[in-house]
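The block underneath contains the structure these notes are about, expressed in structure tokens.
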Amino acid sequence: MKECKWCNDHSAKDITKTGYWELHDGTRALQIKEIPAVYCESCGMEYHEDEIVEEIEDQLMLIDTKKLNQVLTFKELMAQERFLKKNYFKSF
Numbered sequence: 289m290k291e292c293k294w295c296n297d298h299s300a301k302d303i304t305k306t307g308y309w310e311l312h313d314g315t316r317a318l319q320i321k322e323i324p325a326v327y328c329e330s331c332g333m334e335y336h337e338d339e340i341v342e343e344i345e346d347q348l349m350l351i352d353t354k355k356l357n358q359v360l361t362f363k364e365l366m367a368q369e370r371f372l373k374k375n376y377f378k379s380f
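Residue numbers (our numbering): 289 to 380.
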């Protein structure tokens, strides 16, 4: 078990969830299945950790999103070939 970021109880566990992401250019949204997530048995909260959200956001900035299906898995998204090695537009 891990610590829940909402209630700080140590009854959280890793799960996968489906999420919806709007592309940066606003042209469409994607359904992304099997995204790593956390579920807390104590407070009932389900959430994606910040690192996972950042991975998805970076990947969507670095690939040709026109080639993506409307529905895909997290692994399929992350396996897409990148235009750049990293997101040079992100502020640190």
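In this text, a Cβ means the ideal position worked out from N, Cα and C, and glycines have one as well.
Item: Validate contact between the stretch 297–314 and the stretch 322–337 using beta carbons, cut 8 angstroms, 3 pairs; Value: yes
Item: Selected residue, minimal CA-CA separation from Ile344, among Lys293, Glu334, Thr306 and Met333; Value: Thr306
Item: The stretch 331–343 / the stretch 311–318 touching (three or more Cβ pairs under 8 angstroms); Value: no
Item: Rounded Cβ spacing between Thr361 and Glu310 (contact assumed at less than 8 angstroms); Value: Going by Cβ atoms, the distance from Thr361 to Glu310 rounds to 18 angstroms, so no, they are not a contact pair.
Item: Residues of its chain near Leu348, where Cβ-Cβ distance is below 7 angstroms and the 5 sequence neighbours each way are ignored; Value: Trp309, Leu311 and His312
Item: Distance CB(Phe371)-CB(Leu356) smaller than 9 angstroms; Value: no
Item: Cβ shell of Thr304 (< 7 angstroms), same chain only, five flanking positions each side left out; Value: Glu322, Ile323, Pro324 and Ala325
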